[in-house]
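Numbering-wise, this note's numbering comes out as the position in the sequence shown, counting from 1, plus 20.
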Amino acid sequence: MAAKYKSHSIRSKWRKTKWLLKQPNLRRYVPRTLLFTRSHLNTMLASYSTVFFKPTGGSGGNHIIKITKKSGSGGYHTQLNRKRSFHKSVDQLHRYLVSFARGRSFLLQKGISLAKTRGRPFDIRVMVQKSNAGKWISTALFAKIGKLGKVATNYNQGGTVGYFHHTLQGAGYSVARSRQKERSLNWLGVEVGKNFDRNYKGFRELGLDVALDHHGRPWILEVNTRPQFYPLKHMSNRSLYQRMLKSGKQYGRTR
(Lines of atoms letter the chains of each structure in order from A and count residues from 1; the text may use other names and numbers.)
(Lines give C-alpha, C1' and ligand atoms only; values in the text may rest on other atoms or scores of the structure.)
Protein backbone atom coordinates (compact mmCIF):
# COMPACT_ATOMS: atom_id res chain seq x y z
CA MET A 1 0.00 0.00 0.00
CA ALA A 2 1.32 3.44 -0.93
CA ALA A 3 2.25 5.77 1.94
CA LYS A 4 -0.25 8.51 2.71
CA TYR A 5 0.74 11.97 1.47
CA LYS A 6 2.08 13.94 4.43
CA SER A 7 2.99 17.53 3.72
CA HIS A 8 1.11 20.53 5.02
CA SER A 9 -0.43 22.89 2.46
CA ILE A 10 -1.50 26.52 2.85
CA ARG A 11 -3.38 28.37 0.12
CA SER A 12 -3.17 31.93 1.47
CA LYS A 13 -0.42 33.80 -0.35
CA TRP A 14 -0.78 36.65 2.13
CA ARG A 15 -0.12 34.41 5.13
CA LYS A 16 2.98 32.97 3.50
CA THR A 17 4.20 36.42 2.43
CA LYS A 18 3.91 37.69 6.00
CA TRP A 19 6.10 34.82 7.19
CA LEU A 20 8.85 35.85 4.78
CA LEU A 21 8.54 39.53 5.69
CA LYS A 22 9.12 38.74 9.37
CA GLN A 23 12.64 37.47 8.63
CA PRO A 24 15.17 40.23 7.83
CA ASN A 25 17.44 38.16 5.57
CA LEU A 26 14.44 37.05 3.45
CA ARG A 27 12.44 40.29 3.46
CA ARG A 28 14.71 41.87 0.84
CA TYR A 29 13.75 39.15 -1.65
CA VAL A 30 10.02 39.89 -1.47
CA PRO A 31 8.53 42.53 -3.82
CA ARG A 32 6.28 44.95 -1.99
CA THR A 33 2.94 43.22 -1.46
CA LEU A 34 -0.26 44.56 0.14
CA LEU A 35 -3.80 43.31 0.57
CA PHE A 36 -6.15 44.83 -1.99
CA THR A 37 -8.02 47.86 -0.67
CA ARG A 38 -8.76 51.22 -2.27
CA SER A 39 -6.12 52.89 -0.12
CA HIS A 40 -3.49 50.27 -0.93
CA LEU A 41 -4.33 50.52 -4.63
CA ASN A 42 -3.59 54.26 -4.48
CA THR A 43 -0.32 53.58 -2.66
CA MET A 44 0.91 50.98 -5.13
CA LEU A 45 -0.05 52.96 -8.24
CA ALA A 46 1.71 56.02 -6.85
CA SER A 47 4.88 54.00 -6.31
CA TYR A 48 5.17 51.61 -9.27
CA SER A 49 4.51 51.67 -13.00
CA THR A 50 3.37 48.03 -12.99
CA VAL A 51 1.33 46.25 -10.31
CA PHE A 52 -0.06 42.72 -10.27
CA PHE A 53 -3.51 41.95 -8.87
CA LYS A 54 -3.41 38.33 -7.61
CA PRO A 55 -5.93 36.14 -5.79
CA THR A 56 -4.81 35.35 -2.26
CA GLY A 57 -5.76 31.71 -2.71
CA GLY A 58 -5.19 31.20 -6.44
CA SER A 59 -2.93 28.74 -8.23
CA GLY A 60 -1.60 27.99 -11.68
CA GLY A 61 -1.31 31.64 -12.65
CA ASN A 62 -5.08 31.97 -12.93
CA HIS A 63 -7.03 35.20 -12.36
CA ILE A 64 -3.93 37.42 -12.31
CA ILE A 65 -4.38 40.92 -13.72
CA LYS A 66 -1.44 43.05 -14.79
CA ILE A 67 -1.98 46.78 -14.21
CA THR A 68 0.21 49.25 -16.08
CA LYS A 69 0.21 53.02 -15.79
CA LYS A 70 -0.20 54.78 -19.13
CA SER A 71 2.39 57.48 -19.62
CA GLY A 72 1.52 60.89 -20.96
CA SER A 73 -2.25 61.40 -20.85
CA GLY A 74 -2.69 59.05 -17.86
CA GLY A 75 -5.02 56.18 -17.19
CA TYR A 76 -4.34 52.50 -16.63
CA HIS A 77 -4.12 49.45 -18.85
CA THR A 78 -5.11 46.04 -17.49
CA GLN A 79 -4.40 42.63 -18.94
CA LEU A 80 -6.11 39.37 -17.95
CA ASN A 81 -4.72 36.47 -19.98
CA ARG A 82 -4.81 38.11 -23.45
CA LYS A 83 -7.73 40.45 -22.77
CA ARG A 84 -6.70 44.10 -22.46
CA SER A 85 -8.75 46.99 -21.10
CA PHE A 86 -8.24 50.69 -20.45
CA HIS A 87 -9.43 52.64 -17.41
CA LYS A 88 -9.38 56.43 -17.39
CA SER A 89 -9.01 56.87 -13.64
CA VAL A 90 -8.19 55.09 -10.40
CA ASP A 91 -11.92 55.16 -9.58
CA GLN A 92 -12.76 53.33 -12.79
CA LEU A 93 -9.92 50.86 -12.28
CA HIS A 94 -10.99 50.21 -8.69
CA ARG A 95 -14.57 49.49 -9.74
CA TYR A 96 -13.30 47.02 -12.36
CA LEU A 97 -11.10 45.20 -9.83
CA VAL A 98 -13.84 45.05 -7.18
CA SER A 99 -16.26 43.65 -9.75
CA PHE A 100 -13.70 41.06 -10.84
CA ALA A 101 -12.89 40.04 -7.24
CA ARG A 102 -16.55 39.35 -6.37
CA GLY A 103 -15.80 39.48 -2.67
CA ARG A 104 -12.71 37.29 -2.83
CA SER A 105 -9.44 38.37 -1.23
CA PHE A 106 -6.75 39.69 -3.59
CA LEU A 107 -3.21 41.02 -3.28
CA LEU A 108 -1.40 43.89 -4.96
CA GLN A 109 2.23 43.13 -5.76
CA LYS A 110 4.94 45.32 -7.24
CA GLY A 111 5.56 44.27 -10.84
CA ILE A 112 9.00 42.82 -11.56
CA SER A 113 10.21 43.10 -15.13
CA LEU A 114 11.28 39.53 -15.86
CA ALA A 115 14.55 38.70 -17.51
CA LYS A 116 14.17 37.14 -20.95
CA THR A 117 15.76 34.11 -22.53
CA ARG A 118 15.91 34.19 -26.31
CA GLY A 119 13.20 36.86 -26.26
CA ARG A 120 10.77 35.13 -23.86
CA PRO A 121 10.20 36.09 -20.19
CA PHE A 122 11.00 33.50 -17.56
CA ASP A 123 11.13 32.89 -13.85
CA ILE A 124 12.74 30.10 -11.85
CA ARG A 125 11.11 27.32 -9.84
CA VAL A 126 13.24 26.42 -6.84
CA MET A 127 12.11 23.05 -5.48
CA VAL A 128 13.04 22.09 -1.92
CA GLN A 129 12.06 18.90 -0.12
CA LYS A 130 12.61 17.74 3.45
CA SER A 131 14.26 14.40 4.10
CA ASN A 132 13.06 11.98 6.76
CA ALA A 133 15.97 13.28 8.85
CA GLY A 134 14.31 16.71 8.85
CA LYS A 135 16.80 18.44 6.54
CA TRP A 136 15.65 20.74 3.72
CA ILE A 137 17.37 19.93 0.41
CA SER A 138 17.14 21.77 -2.90
CA THR A 139 16.24 18.99 -5.33
CA ALA A 140 15.56 20.90 -8.54
CA LEU A 141 15.97 24.22 -10.30
CA PHE A 142 14.22 24.77 -13.60
CA ALA A 143 12.84 27.64 -15.62
CA LYS A 144 9.23 28.45 -16.40
CA ILE A 145 9.33 30.22 -19.74
CA GLY A 146 6.29 32.31 -20.51
CA LYS A 147 4.23 32.34 -23.67
CA LEU A 148 4.49 35.71 -25.39
CA GLY A 149 1.50 37.91 -24.62
CA LYS A 150 0.53 36.07 -21.44
CA VAL A 151 0.63 37.55 -17.92
CA ALA A 152 1.95 34.43 -16.12
CA THR A 153 4.72 31.98 -17.04
CA ASN A 154 2.86 28.90 -15.74
CA TYR A 155 2.75 25.67 -17.74
CA ASN A 156 -1.06 25.69 -17.82
CA GLN A 157 -0.94 29.27 -19.16
CA GLY A 158 0.89 28.09 -22.27
CA GLY A 159 4.39 28.32 -20.80
CA THR A 160 7.13 25.74 -21.16
CA VAL A 161 9.72 24.34 -18.77
CA GLY A 162 13.40 24.79 -19.49
CA TYR A 163 16.72 23.62 -18.11
CA PHE A 164 18.16 26.11 -15.65
CA HIS A 165 21.62 26.69 -17.11
CA HIS A 166 20.45 26.62 -20.73
CA THR A 167 17.80 29.23 -19.92
CA LEU A 168 20.26 31.51 -18.15
CA GLN A 169 22.74 31.21 -21.00
CA GLY A 170 19.93 32.36 -23.31
CA ALA A 171 19.57 35.39 -21.04
CA GLY A 172 23.25 36.28 -21.45
CA TYR A 173 24.66 34.63 -18.34
CA SER A 174 28.16 33.20 -18.46
CA VAL A 175 28.71 29.66 -17.18
CA ALA A 176 30.37 31.02 -14.01
CA ARG A 177 27.56 33.48 -13.32
CA SER A 178 24.94 30.80 -13.95
CA ARG A 179 26.61 28.48 -11.44
CA GLN A 180 26.82 31.26 -8.85
CA LYS A 181 23.11 31.96 -9.33
CA GLU A 182 22.40 28.25 -8.89
CA ARG A 183 24.18 28.25 -5.52
CA SER A 184 22.40 31.37 -4.29
CA LEU A 185 18.96 30.07 -5.31
CA ASN A 186 19.59 26.71 -3.65
CA TRP A 187 20.49 28.60 -0.46
CA LEU A 188 17.37 30.75 -0.77
CA GLY A 189 15.11 27.71 -1.12
CA VAL A 190 16.53 26.04 1.98
CA GLU A 191 16.23 29.28 3.99
CA VAL A 192 12.58 29.60 3.02
CA GLY A 193 12.00 26.01 4.11
CA LYS A 194 13.49 26.78 7.53
CA ASN A 195 11.37 29.94 7.72
CA PHE A 196 8.17 28.02 7.05
CA ASP A 197 9.10 25.46 9.73
CA ARG A 198 9.40 28.24 12.28
CA ASN A 199 5.85 29.34 11.50
CA TYR A 200 4.04 26.03 11.05
CA LYS A 201 5.00 22.37 11.32
CA GLY A 202 4.38 19.67 8.76
CA PHE A 203 5.88 20.96 5.49
CA ARG A 204 7.85 18.45 3.41
CA GLU A 205 7.96 20.24 0.03
CA LEU A 206 7.94 23.81 -1.23
CA GLY A 207 8.18 25.31 -4.71
CA LEU A 208 9.45 28.88 -4.85
CA ASP A 209 8.62 30.98 -7.90
CA VAL A 210 11.58 33.34 -8.19
CA ALA A 211 11.83 36.15 -10.72
CA LEU A 212 15.19 37.42 -11.89
CA ASP A 213 15.10 41.05 -12.90
CA HIS A 214 17.32 42.56 -15.60
CA HIS A 215 20.12 43.02 -13.05
CA GLY A 216 19.93 39.38 -11.98
CA ARG A 217 18.40 40.19 -8.59
CA PRO A 218 16.09 37.41 -7.34
CA TRP A 219 12.55 38.18 -6.16
CA ILE A 220 10.27 35.62 -4.50
CA LEU A 221 6.93 36.00 -6.28
CA GLU A 222 5.26 33.28 -4.22
CA VAL A 223 5.83 30.00 -2.41
CA ASN A 224 3.77 26.96 -3.37
CA THR A 225 3.11 24.38 -0.66
CA ARG A 226 1.80 21.77 -3.13
CA PRO A 227 4.03 22.31 -6.19
CA GLN A 228 3.30 20.44 -9.39
CA PHE A 229 5.76 17.83 -10.65
CA TYR A 230 4.06 16.78 -13.87
CA PRO A 231 5.45 19.47 -16.26
CA LEU A 232 8.91 17.95 -15.79
CA LYS A 233 7.69 14.63 -17.19
CA HIS A 234 7.69 16.25 -20.63
CA MET A 235 11.39 17.20 -20.56
CA SER A 236 13.69 15.06 -22.67
CA ASN A 237 15.90 14.47 -19.62
CA ARG A 238 13.64 13.19 -16.85
CA SER A 239 16.32 13.15 -14.14
CA LEU A 240 14.89 16.21 -12.34
CA TYR A 241 11.43 14.63 -12.27
CA GLN A 242 12.81 11.32 -11.03
CA ARG A 243 14.90 13.02 -8.31
CA MET A 244 11.91 14.98 -7.02
CA LEU A 245 9.70 11.89 -7.10
CA LYS A 246 12.31 9.84 -5.23
CA SER A 247 12.43 12.44 -2.46
CA GLY A 248 8.65 12.80 -2.53
CA LYS A 249 8.07 9.09 -1.90
CA GLN A 250 9.44 9.63 1.63
CA TYR A 251 6.24 11.54 2.45
CA GLY A 252 3.77 9.81 0.14
CA ARG A 253 4.13 11.89 -3.04
CA THR A 254 3.66 9.55 -5.99
CA ARG A 255 3.24 11.87 -8.97
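No residue lacks a Cβ here, since even glycine has one placed at the ideal position from N, Cα and C.
As the structure is a computational prediction, the values presented were derived from the model and not from experiment.
Do residue j and residue i count as a contact pair if the criterion is CB distance below 8 Å?
| i | j | result |
| --- | --- | --- |
| Glu242 | Lys38 | no |
| Pro251 | Val181 | yes |
| Gly190 | Arg138 | yes |
| Tyr25 | Trp239 | no |
| Gly268 | Ala172 | no |
| Trp156 | Gly213 | yes |
| Gly279 | Arg140 | The structure shown does not extend to residue 279, since the chain is modelled only from 21 to 275, so the question has no answer here. |
| Gln129 | Val71 | yes |
| Leu168 | Ile144 | no |
| Val146 | Leu228 | yes |
| Tyr220 | His28 | yes |
| Lys74 | Phe126 | yes |
| Leu40 | Asn215 | yes |
| Pro44 | Ile132 | no |
| Asn206 | Ser158 | yes |
| Gly95 | Lys108 | yes |
Along the chain, where does the alpha helix (DSSP H) that runs through residue i open and close?
| i | result |
| --- | --- |
| Leu208 | 195-219 |
| Ala121 | 110-121 |
| Ala135 | Run containing Ala135: none; DSSP gives neither H nor E here. |
| Gln189 | 184-190 |
| Leu46 | 44-47 |
Let's test the definition: count the other Cβ atoms within 10 Å of the Cβ of residue i and tell me whether it reaches 16, buried, or not, exposed.
| i | result |
| --- | --- |
| Leu232 | buried |
| Asn244 | buried |
| Met21 | Bear in mind that a pLDDT of 41 at Met21, under 50, signals an unreliable position, so the model cannot answer this. |
| Ala196 | exposed |
| Gln262 | exposed |
| Gly179 | buried |
| Ala66 | exposed |
| Thr274 | exposed |
| Phe184 | buried |
| Arg203 | exposed |
| His254 | exposed |
| Arg122 | exposed |
| His83 | buried |
| Lys90 | exposed |
| Gly272 | exposed |
| Thr187 | buried |
| Lys36 | buried |
Across which residues does DSSP place residue i in a beta bridge pair?
| i | result |
| --- | --- |
| Tyr271 | Answer is none; Tyr271 lacks a bridge partner. |
| Leu161 | Val146 |
| Thr70 | Thr88 |
| Phe126 | Pro75 |
| Ala231 | Asp143, Trp239 |
| Leu260 | The partner list for Leu260 (beta bridge, DSSP) is empty, contrary to what the question assumes. |
| Leu226 | Val148 |
| Val171 | Answer by DSSP bridge pairing: none, since Val171 is not bridged. |
| Val181 | Lys164 |
Taking residue i as part of the beta strand (DSSP E), name the residues at either end of that continuous run.
| i | result |
| --- | --- |
| Thr37 | Unbroken run through Thr37 is the alpha helix (DSSP H), 33-41; no beta strand (DSSP E). |
| Ser105 | 103-107 |
| Ala153 | Ala153 -> no beta strand (DSSP E), and no H or E assigned at all. |
| Pro238 | 238-244 |
| Gln99 | 96-100 |
| Leu54 | 53-55 |
Give the C-beta separation of residue i and residue j to the nearest angstrom, bearing in mind that I take them to be a contact with Cβ-Cβ under 8 Å.
| i | j | result |
| --- | --- | --- |
| Asn101 | Lys164 | No, Asn101 and Lys164 are not in contact; Cβ-Cβ is about 16 Å, not under 8 Å. |
| Gln270 | Ser194 | The pair is not a contact, with the Cβ atoms about 36 Å apart (cut-off 8 Å). |
| Leu54 | Thr63 | 7 Å |
| Phe142 | Ala153 | Not confirmed; about 33 Å, so no contact. |
| Leu61 | Val110 | 7 Å |
| Ser277 | Thr88 | Residue 277 is absent from the structure shown; the chain starts at 21 and stops at 275. |
| Glu225 | Gln149 | 5 Å |
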